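Peer 1: By our numbering, the letter at position 119 of the sequence shown is numbered 996, and the numbering carries on one by one without gaps. Here a beta-carbon is modelled for each residue, glycine too, at the ideal position from N, C-alpha and C. From a predicted model like this one, the values you see are computed outputs, not experimental measurements. Supplied in structure tokens, the structure appears directly below.
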Amino acid sequence: APHDFVNAIEIASEHRFRVGHRSTVTEFMPWLLARLSRSIPFVRKLFSGKVKIQSQDLVVKDDGNSTTTTSTTTENTKVVPFSCLTLDLPDMPLFKDAEGGNVIPQEPLPNVLRKFDGKRPTDMLFQKKRNFYILERLPKYLVLCLKRFKKNNFSVEKNSTIVNFPLRNLDMREYVDSSKLKIPYLPNDSELNAMSVKRLRKVLARAKISHEDVVERSELVRRAKGVIQEVRNKYVTKYDLVSNVVHDIGT
878 APHDFVNAIE IASEHRFRVG HRSTVTEFMP WLLARLSRSI PFVRKLFSGK
928 VKIQSQDLVV KDDGNSTTTT STTTENTKVV PFSCLTLDLP DMPLFKDAEG
978 GNVIPQEPLP NVLRKFDGKR PTDMLFQKKR NFYILERLPK YLVLCLKRFK
1028 KNNFSVEKNS TIVNFPLRNL DMREYVDSSK LKIPYLPNDS ELNAMSVKRL
1078 RKVLARAKIS HEDVVERSEL VRRAKGVIQE VRNKYVTKYD LVSNVVHDIG
1128 T
């Protein structure tokens, strides 16, 4: 029941997410998927990817009138898992339209995804780090979270920028390390059908797929085809939009 789910969330998060306390989707979704992945391997298999982060030390200088940043040549690289990608939005324009209303800008999704092209820096001023992100492995289901809300001492500010999502064939190839997209040789269906029983068992053993109980050669072929298809799926870079969750928050 929804009530039981909410109570379980509050207990598991140690009251971080609870009734009466507003949280943003960029806080909740990563936590929820990470929590589920710890206890349900199937969730991890569907939603887990990897991102490479290259970090440089950032020198921040503030003369009272303006803030300038420069990066050092010292660089650290690490690869970390992710269950959803948080996308930063450009700042809202300060000017208003001819009728005095706020101008709501629009951005195509590829512009917002440039954070993960490995070339555009993301400055973390408080941590004094300049990060470059590029994806190493894509999940089967890709969750994108737009960082719309910023908190200050008095209120929560919402960035209302409209992001245009393509309905089909969102290609993430541009944001994946090219060395990770080189597909190894994989036998086609005809070659699998012609393989000996001994070689089919080797294919399954290498993929750690149970096959000791299999007697029929046709079943070995079927399982081997499943293994090959699973490998091919790891190199798929195109996505179709499945759902769009709109999240709002009061001030």
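Is any heavy atom in the ligand FMN found nearer than 8 Å to the beta carbon of residue 887?
Peer 2: As presented, the structure is devoid of all ligands, the ligand FMN included, so that no description of it is given.
Peer 1: Can you check which of these residues, 884, 909, 959 and 1014, is closest to residue 897 by C-alpha distance?
Peer 2: If you number the sequence shown from 1, residue 897 lands on position 20. Of 884, 909, 959 and 1014, the residue nearest in Cα terms is 884.
Peer 1: Does the Cβ-Cβ distance between residue 1042 and residue 1035 come in under 9 Å?
Peer 2: Locating residue 1042 in the sequence shown gives position 165, where the first residue counts as 1. Locating residue 1035 in the sequence shown gives position 158, where the first residue counts as 1. Against a cut-off of 9 Å, the Cβ pair of residue 1035 and residue 1042 comes out as no contact.
Peer 1: Quick one: Cα of residue 922 to Cα of residue 989, how far?
Peer 2: Taking the first residue of the sequence shown as 1, we reach residue 922 at position 45. Taking the first residue of the sequence shown as 1, we reach residue 989 at position 112. Spanning the two alpha carbons is a distance of roughly 26 Å.
Peer 1: With the cut-off set at 9 Å, would you say residue 928 and residue 962 are in Cβ contact?
Peer 2: To locate residue 928, count along the sequence shown from 1; it is residue 51. To locate residue 962, count along the sequence shown from 1; it is residue 85. Against a cut-off of 9 Å, the Cβ pair of residue 962 and residue 928 comes out as a contact.
Peer 1: Does the contact criterion of 3 or more C-beta pairs under 8 Å hold for the segment 994–1010 versus the segment 1064–1071?
Peer 2: No: fewer than three Cβ pairs fall under 8 Å.
Peer 1: I'd like the list of long-range same chain contacts for residue 1114, defined as Cβ closer than 6 Å, with 5 residues on each side in sequence excluded.
Peer 2: On the sequence shown, position 237 is the one that residue 1114 refers to. Once the five neighbours on either side are set aside, the close Cβ partners of residue 1114 are 1048, 1049 and 1050.
Peer 1: Taking a contact to mean a Cβ-Cβ separation below 9 Å, would you say residue 1013 touches residue 926 in this structure?
Peer 2: Looking up residue 1013 in the sequence shown gives position 136. Looking up residue 926 in the sequence shown gives position 49. Cβ distance < 9 Å, so residue 1013 and residue 926 count as in contact.
Peer 1: Thinking C-alpha only, which one of 1045, 1040 and 893 is nearest residue 969?
Peer 2: Locating residue 969 in the sequence shown gives position 92, where the first residue counts as 1. Nearest option by C-alpha distance: 1040.
Peer 1: So, with DSSP's three-state summary, where would you put residue 821?
Peer 2: Since the first residue of the chain shown is 878 and the last is 1128, residue 821 is not available in this structure.
Peer 1: Where does residue 880 sit, in a helix, a strand or coil, going by DSSP?
Peer 2: Taking the first residue of the sequence shown as position 1, residue 880 is located at position 3. DSSP places residue 880 in helix when its eight states are reduced to three.
Peer 1: Say whether chain D places a C-beta atom closer than 9 Å to the C-beta of residue 1018.
Peer 2: Any reference to chain D falls outside this structure, which holds one protein chain only.
Peer 1: Curious, which full-length beta strand (DSSP E) runs of at least 3 residues does the segment 971–1014 contain?
Peer 2: Fully enclosed beta strand (DSSP E) runs of 3 or longer: 983–985, 999–1001 and 1006–1014.
Peer 1: How many whole angstroms separate the CB atoms of residue 1077 and residue 1102, which I take to be in contact at a CB cut-off of 8 Å?
Peer 2: Here residue 1077 refers to the residue found at position 200 of the sequence shown. Here residue 1102 refers to the residue found at position 225 of the sequence shown. The pair is not a contact, with the Cβ atoms about 10 Å apart (cut-off 8 Å).
Peer 1: Candidates 1059, 906, 1111 and 1000: which alpha carbon is nearest residue 931's?
Peer 2: Numbered from its first residue, the sequence shown carries residue 931 at position 54. The residue with the shortest Cα to Cα distance from residue 931 is 1000.
Peer 1: Judging by CA-CA distance, which residue of 959, 951, 893 and 952 is the nearest neighbour of residue 914?
Peer 2: To locate residue 914, count along the sequence shown from 1; it is residue 37. With distances taken between Cα atoms, residue 914 lies closest to 959.
Peer 1: Check whether the Cβ atoms of residue 1081 and residue 1097 sit closer than 9 Å, and answer yes or no.
Peer 2: Numbered from its first residue, the sequence shown carries residue 1081 at position 204. Numbered from its first residue, the sequence shown carries residue 1097 at position 220. The answer is yes: Cβ separation under 9 Å.
Peer 1: Under a three-way DSSP split, which group does residue 903 fall into?
Peer 2: The count along the sequence shown starts at 1 and reaches residue 903 at position 26. Reduced to three states, the DSSP call for residue 903 is helix.
Peer 1: Give the C-beta separation of residue 894 and residue 882 to the nearest angstrom, bearing in mind that I take them to be a contact with Cβ-Cβ under 8 Å.
Peer 2: Within the sequence shown, numbered from 1, the residue matching residue 894 stands at position 17. Within the sequence shown, numbered from 1, the residue matching residue 882 stands at position 5. The Cβ separation is near 11 Å, so there is no contact.
Peer 1: How would you label residue 1016, buried or exposed, when you count the other beta carbons within 10 angstroms and need 16 or more for buried?
Peer 2: The count along the sequence shown starts at 1 and reaches residue 1016 at position 139. Under this definition residue 1016 is a buried residue.
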